[in-house]
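The next block holds one structure in the form of C-alpha cells; read it before the comments.
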Amino acid sequence: GSRGLAGLQNLGNTCFMNSALQCLAHTPELVEYFLQDYDDEINPANPLGMEGELAVAFGELIRKLWAGREVVVPRPFKNKLSRFAPQFSGYNQHDSQELLAFLLDGLHEDLNRVKSKPYIEVKDIDGRPDGEVADEYWAIHKARNNSIIVDLFQGQYKSTLVCPVCAKVSVTFDPFMYLSLPLPEKQQLMSVAVTVFSGDGSASPEVHTVQIPGPKQARPKDLIHALSVACTLEENEYLFVVEVYNNRIYRVISECPSAPLSLANGDRLAAFRLKSFPGKTTKLILYHGTLEEHVTYEFSCRTIGKQFKLYGSPLVTAIPEAGLSEGAELYNLVAKVVSPLKREAEVNSSPEDWPFRLFITDDKASTVDLLIDPHMPLPTFNFSPREHRYLILVWSPSAKDQYGFKELENLAPVTIPDSRRREPISLYACLEAFMREEPLGPDDMWFCPKCKEHRQASKKLDLWRLPEILVVHLKRFSYSRYSNKLETLVDFPVHDLDLSKYVSHRTDPYELFAVSNHYGGVGGGHYTAYAKLCNENKWYNFDDSCVNPMSPDSIKTTAAYVLFYRR
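So the number in the working numbering is just where the residue sits in the sequence shown, counting from 1, plus 4.
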C-alpha cells in the first residue's frame with residue numbers, strides 16, 4: 005500500500021480510538037517528528053507522564069502506519085492506553101475527543117523537555133498592557149511546559165472575569181490544547197393558528213395565526229401572550245385556551261402557563277375571551293350535539309338517553325358567582341353566546357322559542373343527566389357553583405338553516421416544524437458563542453479579590469495566541485438530565501479558516517486536514533476519520549481497516565465532531 009494509507013483494525017468497539025489516531029497520524033508536523041529520532045526528548049522521570057511509554061508506543065504506531073502496510077493492528081498501543089488510562093480499558097465505546105484530550109496531554113508530559121519545573125509567581129498585572137502580560141504568562145507556561153505538543157497544538161486565550169458587585173476586572177491568559185465550541189441553537193419559531201371565540205357572543209370567531217418559540221421551548225404563556233396581542237384583549241378579559249379533541253375539551257392549556265406546551269401535529273386549539281368577574285366564576289362549557297337519525301327533536305326533548313353525536317368545537321362562557329336561577333336565564337345566556345353563528349341578523353328567535361335544547365352532562369359527555377326545561381327554575385342540585393359545568397346543546401332541525409357552523413367545525417390543525425432538522429450554523433457562529441460573555445454557574449463562583457467574597461462573575465473568553473495546529477471540538481453531546489446528541493450541520497471552511505477578526509494581530513488562514521466523525525446516538529454509534537494526505541493533496545475516508553479515496557465535497561456532514569486545521 006501507499007505510505008500513510010494504512011487502516012487500523014477494530015479490536016472491538018475501538019473505532020473511537022482509530023478515528024482519533026488517524027487524525028493525529030495525518031498531522032504532517034507530528035508525523036515528521038515521530039519518524040525521526042526523538043529518543044532524547046523522552047522524559048521517563050516526569051511524575052505527570054506515562055514513564056515515556058505512551059510516547060514510545062505512539063511513535064511505534066506512527067512508524068507502522070507510514071511503512072506502506074495495508075492494515076495495522078494497534079493492540080500494543082491499546083494495551084499501553086488501558087494501562088495508563090483505565091477509563092479506556094475494556095472494549096466499550098468511548099468518545100474520540102476525550103481520548104484525544106488524554107493523548108495530547110499524555111504525549112506532552114512524556115515528551116516534556118523541562119526536567120524540573122520552576123515555580124514562578126505572576127507579577128501584579130494591574131494596569132499593564134495585555135500584550136506584555138500575555139507574553140509573561142506564556143513565558144511562565146513555556147518554562148514549565150515545553151514539548152513538540154506545546155509547539156504544535158497549544159494556543160492561549162484571554163479570560164476576563166468581572167465582579168457583578170464591585171465591577172473589579174480580572175484578566176488571565178490561559179493555555180489551550182483545543183477549542184470546545186458550543187453549537188448555538190437558532191431560536192426556532194413556529195406559527196400556530198388558533199380560533200378565538202368571544203365568551204359572551206359579542207364578536208364573531210376569528211382565526212389568529214401567531215408566532216411562538218419552537219416546539220421544545222414553547223410554554224402556554226408564550227401562546228397566551230401572543231394571542232392576547234393579536235386579538236387586542238381588553239383589560240377586564242382573559243383567555244381560556246384549550247385543546248379540542250373528539251369535539252370535547254381534551255385539556256386546558258391556560259391552566260399551567262409555565263409547563264411545556266407540548267403540541268403535536270394535528271392538534272386543534274380554541275381560545276375563549278372571557279370577562280373577569282369578582283369572586284368565583286363558573287365556566288359553562290357547551291358541547292354541540294346532533295341527534296341520531298331515528299330520534300325526532302320533539303321526542304328528545306322529553307327523554308334522556310345517549311342519542312347524541314357531538315360535532316364541532318365546544319363554546320365556553322363565564323357566569324358570575326351569583327349564578328342563574330331560572331331556566332330561561334340560562335337559555336338567554338346561551339342564545340347570546342351562539343348569536344355570532346347566526347346567518348341573518350334579522351332572524352330574532354322570540355325569547356320563548358329558543359332553537360335548541362340544553363342537557364346537563366359531564367366533561368366527557370359520556371352521560372346525559374337531564375334536560376333543562378326553559379320554563380322552570382334551574383335544578384339546583386345539579387347546578388351548584390362548580391368551576392366547570394358541562395352542557396350539551398342540541399339544535400332543532402330548523403336551526404340548521406339559520407345558523408352557520410363552519411367556524412366550529414374547521415379548527416385549524418397545528419403543524420410542528422421538525423426539530424431534529426435544525427438550521428445549519430457556521431463554525432464562526434460557534435466561535436462567537438464560545439467567546440460570548442456569560443455569567444458563571446452558581447457552582448462555579450469566583451473569589452473576588454476586592455470584595456473578598458465568592459461572586460457569580462461574568463466570564464468572557466477571547467482568542468489571543470493561535471497554535472500551528474488548531475483542534476476544534478464541536479460539543480454535539482450534552483449530558484444534562486438526559487443525554488442527547490445534536491445533529492446540527494456545522495458549515496466549516498475547508499480551505500481558509502480565517503480567525504484574524506477574533507485575535508488582536510494578523511494571522512495566517514488555516515486549512516482543514518482531518519475530521520473525526522461520529523454517527524449514531526450517545527454512548528454508542530460509530531467513529532470514522534476523514535484525512536488528507538497533505539503531500540498528495542488527496543482526501544481519504546478511514547473507517548477502521550477500510551481506507552478509500554473520497555471527494556473533498558463530501559467532508560461536511562452532520563457527523564463532523566472534531567476538526568483539525570493547520571496553518
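The beta-carbon is built from N, C-alpha and C at its ideal position, and this holds for glycine as well.
- Secondary structure remark: continuous alpha helix (DSSP H) runs of at least 4 residues inside the region 22-107, in chain order: 32-39, 57-69, 79-88.
- Linking ASP178 to TYR161 through their CA atoms gives a straight-line distance of about 5 angstroms.
- Annotation for TYR335: the continuous alpha helix (DSSP H) segment containing it runs 331-342.
- Annotation: the continuous beta strand (DSSP E) that includes PRO318 extends over 312-323.
- For GLN91, the number of other beta carbons within 10 angstroms of its own is below 16, and it is reported as exposed.
- The count of Cβ pairs closer than 8 angstroms, one atom from the region 88-106 and one from the region 518-531, reaches three, so the stretches are in contact.
- Judged by beta-carbon spacing, ASP204 lies within the 8 angstroms limit of VAL341, meaning their Cβ atoms are closer than that value.
- In the three-state reduction of the DSSP assignment, ASP405 falls in the helix class, which pools H, G and I.
- Here ALA563 is not near GLN26, since their CB atoms are 8 angstroms or more apart.
- The shortest C-alpha to C-alpha distance from LEU314 to any of ARG347, PHE363, GLU330, VAL169 is the one to PHE363.
- In this model, SER555 and ILE420 are separated by some 36 angstroms (Cα to Cα).
- DSSP links CYS452 through a beta bridge to GLU457.
- Runs of the beta strand (DSSP E) lying entirely within the region 138-197 and spanning at least 3 residues, in chain order: 159-166, 173-180, 183-185.
- Boundaries for ILE124: no beta strand (DSSP E) harbours it, and the DSSP string shows neither H nor E there.
- For THR294, same chain residues with a beta-carbon under 6 angstroms away, outside a window of 5 residues either side, are LYS313, TYR315 in chain order.
- Note on SER402: under 16 other CB atoms within 10 angstroms of its CB, so exposed under the neighbour-count rule.
- For PHE244, the enclosing beta strand (DSSP E) covers residues 241-249.
- Inter-residue distance for GLU411 and ILE323 is about 24 angstroms (C-alpha atoms, whole angstroms).
- A direct Cα-Cα distance of roughly 45 angstroms separates PRO264 from SER353.
- According to the DSSP assignment, TYR254 belongs to no alpha helix (DSSP H) but to the beta strand (DSSP E) extending over 252-256.
- Per DSSP, the unbroken beta strand (DSSP E) holding SER462 starts and ends at 462-469.
- Taking a 10 Å sphere around the C-beta of PHE451, we find fewer than 16 other C-beta atoms and assign the residue as exposed.
- Contact check between the region 138-147 and the region 110-130: three or more CB pairs, one atom from each, fall below 8 angstroms, which counts as touching.
- For LEU567, there is no enclosing alpha helix (DSSP H); the enclosing beta strand (DSSP E) has its first and last residue at 564-570.
- Remark: C-beta atoms of THR365 and TYR291 approach each other more closely than 8 angstroms.
- Distances from the alpha-carbon of ASP367 to those of GLU45, ASN240, ILE253 put ILE253 closest.
- THR31 counts as buried, since no fewer than 16 other beta carbons sit within 10 angstroms of its beta carbon.
- Closest option to GLY327, judged by alpha-carbon separation, among LEU267, LYS287, PRO133, ALA533: LYS287.
- In the structure shown, ASP502 adopts coil according to DSSP, grouped into three states.
- Ranking ARG277, ASP43, GLU210 by CA distance to the CA of TYR242 puts ARG277 first.
- Assignment of ALA437 by DSSP, reduced to helix, strand and coil, places it in the helix class.
- For ASP547, the enclosing beta strand (DSSP E) begins and ends at 542-547.
- For GLU515, the enclosing beta strand (DSSP E) begins and ends at 515-523.
- With respect to ARG570, PHE517 sits close: the two C-beta atoms are nearer than 8 angstroms.
- Secondary structure of VAL233 (DSSP, three-state): helix.
- According to the DSSP assignment, LEU265 belongs to no alpha helix (DSSP H), since it is labelled neither H nor E.
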